[in-house]
Each structure stands twice: as structure tokens, then as C-alpha cells.
Amino acid sequence: MKLQLSEIYIYPIKSLGGISIKEAKLEQRGLQYDRKWLLIDENGTFITQRKHYNLAMLQVAMDADTITVSHKTDLSQKISFPKFESTSQRIQVRIWDDTSSGFEVNAKVSDWFSVFLNMKVKLVGMADDDQRLVDPEYALNSEIVSFADAYPCLIIGQAALDFLNEKLADPVPMNRFRPNFVFTGGEPHIEDRFGEFYLGENLFQAANQCARCVLTTVDQETGIKGQEPLRTLTSYRTVNKKVMFGQNLLHKGPGTMKVGDELIVKSWKA
0 MKLQLSEIYI YPIKSLGGIS IKEAKLEQRG LQYDRKWLLI DENGTFITQR KHYNLAMLQV
60 AMDADTITVS HKTDLSQKIS FPKFESTSQR IQVRIWDDTS SGFEVNAKVS DWFSVFLNMK
120 VKLVGMADDD QRLVDPEYAL NSEIVSFADA YPCLIIGQAA LDFLNEKLAD PVPMNRFRPN
180 FVFTGGEPHI EDRFGEFYLG ENLFQAANQC ARCVLTTVDQ ETGIKGQEPL RTLTSYRTVN
240 KKVMFGQNLL HKGPGTMKVG DELIVKSWKA
């Protein structure tokens, strides 16, 4: 059985469209630039597609110096900003039960997003010295994380999606689940049983299964919310009243990986 890395994704701005890349740099918090920025409301609370479905319509692009956000169907709605731009005032950010911190990119960018969402928001980049910790119940070495929900990286086997789509009248793409890594080979949900494994030369530890939410029901090309695939997943992927799909990961040390790397399992969960 050969397991092989087939796709890599980063999501520079949390809850906006992700970017498919061929090679990635693994840093302390996860993949470089993954969930480095996010939108917050006037209370400093993070904003996602869970409530604001239209965020799905915003696509992020990056080059060496610039980040560009554009509407997927209305190209007149677009804004760019320098990748390393920020104001000097530190802002407290609330993600679930965590308190983190960052710096607003600039007022113009925040105003653009405020108009799009019809509410006052700010676009904030994570402070380089922020130490947002992974849940200590699952952390191995006081790992830190970006503005991702809880863990540095997420992996899903292509077989898991194929198995789900066999059960759906209208198949869904992988972007409903927003993984960092997709791999081919093995039976559906083989990632549930991963212990430690290598991607290229990078050692990962499977932390726990990823609990899925209403975001999976938002079509990433239209911004329209439906009932699937959550309704179907509930029928066969429920554990302790939570729908599980994919595996949250911790990693040991920095490195790089590229599409085509072999995934080699070092240990399996009981």
C-alpha cells in the first residue's frame, strides 16, 4: 500500500478561499502563511463562514510581496496589500476560548472588508511573538498554532472523500473540508488510525479526529449554504455526537514538503 501526498493547501486569511500549492514550508505554527490573517468584529472576536457564508466568495492570491483578495464572480471587487504591512497597535483577538493578538493591516483594507460584510471589521495579522497554545490535552510539547481553529495542520485521505461522494446525490469537492494535506492510497479514513508518520522527511503526530461544522455545507463557489454533506456524514461518521472527518496534526520541527512525497506511517493507533 503506497500513500502519497497529492495536494497541499494554505488559507492565508482564515475562512477565505484557499490556495493550492506544490511545495510548502513547515514552520512552528504550521504551514507558512496558513491562517496568518483573520477578520475580527468590533469586540475582537474572529469572523468565519460559519455565520458569514459570503466569505466563501473571496479568493486570496499571493506573490512574493503582495496579497490580493478578489471576489470570485465580481472581479471589480478587489483589494491588495503588502504582505508584511501592519499598524503598530497590538489588538487582542478572540478565537473560541483562546485569546491571541495581532496587528491591523491598515484601515483601508479593513474598510473594504467592512463594506463587503456590511459590518465593522478589521483584518488582523498574527503577531510574530504570539504564543497561542494547542489544547494541552492533545499537545505533546507545548506546540503553538496560528489563527487556525485549534491545530497547526489537517490531513484528509482522498479515499474518505470518494467514499462520502458515493453516498451523495451531488458530490462535493475537497474544499468543503479545508485540509492542508490530501493524500492518495489506502482505505477510506485510514488517517483515523495514523499515529506518527512522515511526509517526506517531516515527522507528524496525529492528534485527534477533526470535528466538522456547518462550514462544510457552504458551497465554496457560490457562497450558498445547504444541508450536505453534514447530513449524510451524520449517518456514519458521528463520534460522541460530533461528526468527524479528517485528522488534526502536530509536527516535530520545521521542514518542507512537496506534492508527490510519500507518506510513510511510523506507528498506528490501537
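Just so we're aligned: 220 in numbering that gives the first Met the number 0 is position 221 of the sequence shown, and the numbers increase by one with no gaps anywhere.
Backbone N, C-alpha and C fix where the C-beta goes; we use that ideal spot for every residue, glycine too.
Since this is a predicted model, take the numbers as computed values, not measurements.
Nonlocal neighbours in the same chain, by C-beta distance under 6 Å from residue i, ignoring five residues either side
i: Ile189; result: Gly156
i: Glu142; result: Val133 and Leu249
i: Ala55; result: Gln48, Val217, Gln219 and Gly222
i: Ala147; result: Arg34
i: Lys121; result: Ile39, Glu103 and Ser109
For residue j and residue i, believed in contact at Cβ under 8 Å, the rounded distance
i: His51; j: Leu132; result: Incorrect: roughly 27 Å between the Cβ atoms, too far for contact.
i: Gln91; j: Ser85; result: Not confirmed; about 15 Å, so no contact.
i: Phe182; j: Ile223; result: Not quite, the Cβ-Cβ distance comes to about 29 Å (not below 8 Å), so this is no contact.
i: Asn201; j: Tyr8; result: Actually they do not touch by this definition, with Cβ atoms about 16 Å apart.
i: Asp260; j: Gly199; result: 4 Å
i: Phe45; j: Arg93; result: 6 Å
i: Asn247; j: Cys209; result: 5 Å
i: Gly16; j: Leu57; result: 6 Å
Given residue i as reference, the closest of the options once Cα atoms are compared
i: Ser113; options: Met0, Asp40, Lys24 and Glu261; result: Asp40
i: Gln226; options: Val258, Ser5, Pro170 and Phe196; result: Pro170
i: His70; options: Ile78, Val242 and Asp64; result: Ile78
i: Asp64; options: Val104, Phe80 and Asn53; result: Phe80
i: Leu4; options: Phe196, Pro135 and Leu139; result: Phe196
i: Leu262; options: Gln204, Met243 and Phe244; result: Gln204
i: Val123; options: Ser87, Ser14 and Phe102; result: Phe102
i: Lys82; options: Thr72, Val68 and Lys251; result: Val68
i: Gly252; options: Leu139, Ser234, Asn207 and Thr233; result: Leu139
i: Pro187; options: Pro135, Gly245 and Met125; result: Gly245
i: Ser87; options: Met125, Lys13, Trp111 and Thr233; result: Met125
i: Gly43; options: Ser14, Trp95, Thr72 and Ile20; result: Trp95
Counterpart residues of residue i in DSSP-defined beta bridges
i: Asn239; result: Beta-bridge pairing links Asn239 to no other residue.
i: Val123; result: Leu37 and Glu103
i: Thr98; result: Arg93
i: Thr65; result: Pro81
i: Ile12; result: Trp36
i: Val181; result: Glu6 and Ile155
i: Glu26; result: Gly29
i: Thr44; result: Arg93
i: Met256; result: Ala23
i: Val264; result: Phe196
i: Gln58; result: Gly16 and Ser69
8 Å CB neighbourhood of residue i in its chain, flanking five on each side removed
i: Glu22; result: Ile7, Thr255, Met256, Lys257 and Val258
i: Pro228; result: Leu163, Leu167, Val171, Arg175, Thr215 and Thr216
i: Gln31; result: Ile9, Ala23, Lys24 and Leu25
i: Trp267; result: Arg192, Phe193 and Gly194
i: Val144; result: Arg28, Gly29, Arg131, Leu132, Val133, Tyr150 and Pro151
i: Pro11; result: Ile18, Tyr32, Asp33, Arg34, Lys35, Trp36, Val59, Met61 and Ile66
i: Val53; result: First, the residue type needs correcting, since residue 53 is Asn and not Val in the sequence shown. Here the set comprises Phe115, Leu116 and Gly222.
i: Lys119; result: Asp40, Glu41 and Ser113
i: Thr237; result: Met243
i: Lys265; result: Gly194, Glu195, Phe196, Tyr197 and Leu202
i: Arg177; result: Tyr8, Tyr10, Gly17, Leu153 and Leu214
Beta-carbon contacts of residue i that lie in its chain and below 7 Å, excluding the five residues immediately before and after
i: Leu160; result: Met173
i: Gly185; result: Met0, Leu2, Gly156 and Ala158
i: Lys241; result: Ala210
i: Asp277; result: With the chain covering 0 to 269 only, the question about residue 277 has no answer from this structure.
Next item on the list: Starting from the N-terminal side, write out each stretch of the alpha helix (DSSP H) that is 4 residues or longer and does not extend beyond the segment 160-240.
Entry: 229-233
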